[in-house]
Structures are given as structure tokens and as C-alpha cells.
Amino acid sequence: MKRFGCFILCGILLLVGCAGREVHPLCRFREGFAAECAGEYNGVCFSALFEAAPLTEAGVLPLTVTFYAPAALSGTVLARSAEGVTSLSLDGMQVDEGITELARLLDAFPTDGEISGVRTSKEGHTVVNGVDFSAKFLADGTPLEVTGAGIRLQILRWESVDT
């Protein structure tokens, strides 16, 4: 009986100790990650690998986007450094043209912002709606889809990366 009472007491203490610590719905986008995505940006379909380091203290998400398709973008790398500097390169050569338009893709994964609602879909997915974005997650928090500002990403593979 003492063991059972001790077990119950430990369970209660664990529940009380963790109460009130709500995880932010977008926390997965603040960590280091690699995501293979199929997407659409302003009507152009593409596939790319998004690789991010953890969000900096200054609120910058260092991110590299390597395009695989369409053929016109294949080999193009869009990047934002930890300092917030954006660069665009094609086959290792720095390119200045088009950086402004493509740079919006660096903000495809919302790390904060005003959340207008969180709900569970019929499929059991968590849907987070914000003022200018929407994100869908599996029950375990794995991202499935992100939309906003002319961008739609379907996440084909997600991997959290420790850096």
C-alpha cells in the first residue's frame, strides 16, 4: 500500500510541476531542422530542401533553401545568415538579381506572430491559424503544411537537427 501511495503522490507532483507550461504551437520552426518540401510560390511550383539552424536571440532564423525543381531554379541556393544577411547563388556564384522576390521564402516557416486560433482537423491534425499564415501538424508536432503570403509548402520529410 505504501508503494501505491508513493506512486500516486509522485504522479500528482509530476502533473502539478508541469502545469502551466504550454508549448508554443510554432516551436518546431524555432529549432534546427531540415525539411524537404514541394511548394508553390506566386503560382510557380518548386521542390526544395529547407535547412535551418535554431532561432537566434535576435529573432533571426538562419535558413538555407536549395532548389531542385523546376529546372530553371535547380542548383539555386537562397540563404539567410544568423546576422540576417540574405544571399542568392547559382552553382556557387553570387547572384543579385531576383533576391528580393525569392527572399520571402525565407519567412515561409513562421516562428512567431499573432495566432488567431488552434484547432484539430477531422484527420486529427493540429491546425494553427495566424494573421497571415496557417500551419498544419501531426499529433506529435511534426509539421505537414505551411501557407501564407503567396507561399504554400507541403512538407514531404521533416527532421529535427541538433546544432
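Counting along the sequence shown from 1, when you hit position 48 you're at 45 in the working numbering, and nothing is skipped either side. Beta carbons: idealized from backbone N, C-alpha and C, even for Gly. Note that the coordinates shown come from a computational prediction; the quantities given were computed from them, not determined experimentally.
Check the C-beta distance from residue i over to residue j and give it rounded, since I have them as a contact under 8 Å.
i, j, result
"Arg154", "Glu33", "4 Å"
"Tyr38", "Gly147", "6 Å"
"Ala49", "Gly36", "Their Cβ separation, rounded to whole angstroms, is 15 Å, which puts Ala49 and Gly36 out of contact at 8 Å."
"Asp93", "Gly72", "Between Gly72 and Asp93 the Cβ distance is about 17 Å, and since that is not below 8 Å, they are no contact."
Could you tell me which residues DSSP puts in a beta bridge with residue i?
i, result
"Lys133", "Val124, Glu142"
"Leu87", "Thr73, Met90"
"Thr97", "Partner(s): none; Thr97 has no beta bridge."
Would you kindly work out how many angstroms separate the C-alpha atoms of residue i and residue j, rounded to a whole number?
i, j, result
"Leu12", "Phe64", "Low confidence applies to Leu12: its pLDDT is 41, below 50, so where it sits in the model is not reliable, and the reading given next is rough at best. So the alpha carbons of these two residues sit roughly 45 Å apart."
"Pro51", "Ser157", "10 Å"
"Leu85", "Gln91", "6 Å"
"Ala76", "Glu28", "17 Å"
"Thr53", "Leu103", "15 Å"
"Ser113", "Gly145", "14 Å"
"Thr97", "Ala66", "20 Å"
When the distance is taken between beta carbons, is residue j closer than 7 Å to residue i?
i, j, result
"Val128", "Glu142", "no"
"Thr83", "Ala100", "yes"
"Arg25", "Pro107", "no"
"Val62", "Phe43", "no"
"Pro59", "Ala79", "yes"
"Gly40", "Val57", "no"
Enumerated in chain order, which unbroken segments of the beta strand (DSSP E) with a length of 3 residues or greater are wholly contained in the region 21 to 59? 30 to 38, 41 to 49
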